[in-house]
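To start, the structure itself, in structure tokens.
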Ligand code: NAP
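Numbering (my numbering), first residue to last: 26 to 259.
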């Protein structure tokens with residue numbers, strides 16, 4: 026959360042932080058969301074996930090008014106991402122799309138293999154790549170012959186949450202490797218879901234961890250918040 030607060034300060038976005046205790050009730054959290062929904066000087070609401078087990082995450086996300094849902098997790102915004110007609114792009118996939126575009130990589134017609142099907146990364150990532158005419162495959166824990174499927178990818182997005190699971194032998198020569206994973210090893214080292222050294226030997230481009238996708242996610246959160254404010258002015 027600190028990095029997000031810092032980004033707000035750096036970009037001149039007014040922010041409020043509510044660091045609630047772990048035993049906060051669902052009712053109290055929903056009441057806070059309602060207050061922020063109605064607050065005129067707040068254009069974006071972000072609920073840091075995961076929430077404690079006694080709180081229904083869906084109920085909280087559903088309570089955020091869709092036009093302040095800068096994370097794009099509300100079902101209304103998720104649906105709009107499916108149709109391609111959306112105001113808020115989901116932050117992590119949107120940051121990845123920026124990285125790909127800024128690197129001059131064309132997605133149209135490319136085999137895009139995503140490992141991970143979470144609501145916050147894998148699924149929305151598949152939609153954004155599809156909108157740009159990629160041929161998209163989504164892998165998950167039940168995927169058979171994962172290495173074989175990943176080896177088809179011209180663009181590989183690893184969003185698994187398993188340290189260095191994607192290795193160079195799974196990467197096609199010249200593929201683009203996007204590493205979403207943030208994993209802390211026992212010695213406190215931060216590593217991604219891809220084994221950087223071996224994947225870099227095969228890849229034409231690869232994102233590092235830390236410093237690749239993570240900062241872009243925060244940048245997209247700022248972008249969505251500014252967009253929300255601008256939309257309100259219309
Ligand atoms: P998640 O909700 O835990 O989803 C992980 C996905 O990986 C699931 O779909 C799971 O399949 C799949 N998976 C697990 N083991 C697998 C295996 N052996 N083979 C193939 N697929 C497997 O994780 P997430 O929230 O998407 O996050 C993924 C990683 O990205 C984490 O390290 C997280 O910290 C990081 N992350 C980074 C950012 C950023 O800004 N850089 C943002 C969000 C997340 P099933 O669905 O079958 O269980």
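Beta carbons: idealized from backbone N, C-alpha and C, even for Gly.
With 8 Å set as the bound, which would you pick, yes or no: does the beta-carbon of residue i sit closer than that to a beta-carbon of chain D?
i, result
"residue 94", "The structure shown contains no chain D; it is built from a single protein chain."
Measure the C-alpha to C-alpha separation of residue i and residue j and round it to an integer number of angstroms.
i, j, result
"residue 44", "residue 172", "42 Å"
"residue 90", "residue 101", "10 Å"
"residue 34", "residue 191", "36 Å"
"residue 188", "residue 217", "6 Å"
"residue 255", "residue 68", "9 Å"
"residue 239", "residue 205", "7 Å"
"residue 64", "residue 253", "14 Å"
Hey, is residue i close to the ligand NAP, as in C-beta under 7 Å from one of its heavy atoms?
i, result
"residue 133", "no"
"residue 24", "Residue 24 lies beyond the stretch modelled for the chain, which goes from 26 to 259, so this question has no answer here."
"residue 236", "no"
"residue 184", "yes"
"residue 164", "yes"
"residue 78", "no"
"residue 143", "yes"
"residue 249", "no"
"residue 64", "no"
"residue 72", "no"
Quick check on this structure: which residue in the options has the alpha carbon closest to the alpha carbon of residue i?
i, options, result
"residue 158", "142, 178, 132 and 211", "132"
"residue 98", "110, 108 and 85", "85"
"residue 208", "39, 183 and 128", "183"
"residue 140", "238, 249 and 203", "203"
"residue 83", "103, 92 and 64", "103"
"residue 128", "237, 247 and 257", "237"
"residue 96", "142, 112, 167 and 176", "112"
Does DSSP classify residue i as helix, strand or coil?
i, result
"residue 212", "coil"
"residue 81", "coil"
"residue 36", "helix"
"residue 41", "coil"
"residue 121", "helix"
"residue 251", "helix"
"residue 185", "coil"
As an exercise, report each continuous beta strand (DSSP E) stretch of at least 3 residues that is fully enclosed by the region 199-249, in chain order. 201-204
Going along the chain, which unbroken runs of the alpha helix (DSSP H) with 4 or more residues stay wholly within the region 47-118? 51-63, 82-88 and 100-108
Secondary structure, alpha helix (DSSP H): runs of 4+ residues fully inside the region 124-159: 147-156
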